[in-house]
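Start counting the sequence shown at 1; every next residue gets the next number (UniProt numbering).
We put the beta carbon where it would ideally sit given N, CA and C, even for glycine.
These figures come from a predicted structure and were not determined experimentally.
In what follows, a single structure is set out as structure tokens and then discussed.
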Amino acid sequence: MTTPNPKALTAKDLPKLLEDDNRVKLAGLDVDGILRGKVVSKKKFLSVAESGFGFCSVIFGWDMHDKTYMRELGISNAENGYRDMLAIPDLTTFRRIPWENNIPFFLVSFFDPETKKPVCACPRGLLQTQLDRIHSKGYGAMAGAEYEFYTFKTPDESKSPAAFLQQNPHDKLPSLTEGMFGYSLNRPVHNKDYYYEVFDSCVDFACGIEGWHTESGPGVFEAALEFDEAAEMADRASLFKYVVKSVGTQHGIIPCFMAKPKQGLPGNSGHDVGGDADMGERLAKSLKEATERFMHKDSIAREVFGDEFVDHFGGTRENEVRLFDEAVTDWEMKRYIETV
1 MTTPNPKALT AKDLPKLLED DNRVKLAGLD VDGILRGKVV SKKKFLSVAE SGFGFCSVIF
61 GWDMHDKTYM RELGISNAEN GYRDMLAIPD LTTFRRIPWE NNIPFFLVSF FDPETKKPVC
121 ACPRGLLQTQ LDRIHSKGYG AMAGAEYEFY TFKTPDESKS PAAFLQQNPH DKLPSLTEGM
181 FGYSLNRPVH NKDYYYEVFD SCVDFACGIE GWHTESGPGV FEAALEFDEA AEMADRASLF
241 KYVVKSVGTQ HGIIPCFMAK PKQGLPGNSG HDVGGDADMG ERLAKSLKEA TERFMHKDSI
301 AREVFGDEFV DHFGGTRENE VRLFDEAVTD WEMKRYIETV
């Protein structure tokens, strides 16, 4: 069956497009850039494809581990009952998930159910608001993205490191390969099924890779995604992580995109190509300092993104800082348990 161009897809095309399907997967992004979604019946999807459907706003009221923020924020809280938002599928994002029996997939954007305006913390809505401002001045915006990330072996049969890390220190998680060997032609051969399935799955999932190689570090890879229009690039950047993690699960491999997972080794980089930066001001040395600058009453962030987003996102980062300040680390235990 010939698949129509997603960019020209309309609701009228959907019954034919989905004639051999009985379910559809939908997902939107939370403020941490994590995909949150569900599977719905084809009947349900066809009934909401244009008008949208209710989606619990709690995804903007809790952190990445589903713990509600210590200080409740405006979008979703106990006072408003963690009310539903309006989630509207973006038909231009249609693709099929090759590692899940080609189930149809669409991204959604989140809107206020009363004003119908984009929820301030919805990454797709926030980006589109900025792009609309650019387009109104007669400009376009292109972007590119590169990811570097560590990979680890699943230490048991669970296919997830969560239970293992509850009982073991993180440095016991074995790297996929050991040693430093960037741009190696030999290292990918050790895990070639995973290596090539990531590349091929990205192609099939409309999330193409331009370059794919090992980077310096144990089990480290780098992927350069295909250059594209900014909104499309942002979607692909999120979906690439979904591909890598999903394919990894099938091979007992755990990708890690956190900035610096191992002391004494290079950290993970994320290269965003497409904008200018003012390097005249010293970069913040901690999340706490960065958050304070971000939330300052005269910050550039408030000028660009607006107070509503800055107050929400800044509040989520204050939550991360507080949790970090309350944590007792392995370093502290090793250093002080006997001597103090």
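- Ile75 has its alpha-carbon roughly 11 Å from the corresponding atom of Gly315.
- Residue pairing for Cys56: DSSP places it in a beta bridge opposite Asp84.
- Val24 carries a strand assignment under DSSP once its states are collapsed to helix, strand and coil.
- Bounds of the beta strand (DSSP E) holding Ile253 are 253 to 256.
- With contacts defined as CB atoms closer than 8 Å, Phe181 and Thr214 qualify as a contacting pair.
- Under the DSSP assignment, Met295 falls in the alpha helix (DSSP H) whose first and last residues are 287 to 295.
- Taking the C-beta atoms as reference points, Cys207 is found nearer than 8 Å to Phe240.
- Apart from the 5 residues on each side of it in sequence, Pro6 sits with its Cβ closer than 8 Å to the Cβ of Leu91, Thr92, Thr93, Phe94, Arg95, Ala206 in its chain, given in chain order.
- Rounded to the nearest whole angstrom, the C-alpha separation of Ala11 and Leu17 is 10 Å.
- Cβ-Cβ distances below 6 Å link Lys288 to Val321 in the same chain, with the five nearest sequence neighbours on each side left out; the list follows chain order.
- Taking every protein chain shown into account, the CB of Ile59 has 16 or more other CB atoms within 10 angstroms, so this residue is buried.
- For Ser238, the enclosing alpha helix (DSSP H) covers residues 230 to 250.
- Here the segment 96 to 105 does not lie against the segment 53 to 68, with fewer than 3 beta-carbon pairs under 8 Å apart.
- The alpha-carbon separation between Lys334 and Val340 amounts to approximately 11 Å.
- Residue burial annotation: Ala284 is exposed, with fewer than 16 other C-beta atoms found within 10 angstroms of its C-beta.
- Residue state for Tyr139 is assigned as coil, using DSSP reduced to three classes.
- For Asn319 and Arg71, the gap between their C-alpha atoms comes out near 8 Å.
- Under the criterion of beta carbons closer than 8 Å, Pro174 and Lys159 do not qualify as touching, at roughly 15 Å.
- Exclusion of the five residues before and after Asp156 leaves Phe164 as the residues of its chain whose Cβ lies within less than 7 Å of its Cβ.
- Between Val198 and Val247, the C-beta spacing is below 8 Å.
- The Cβ atoms of Thr177 and Gly219 lie closer than 8 Å to each other.
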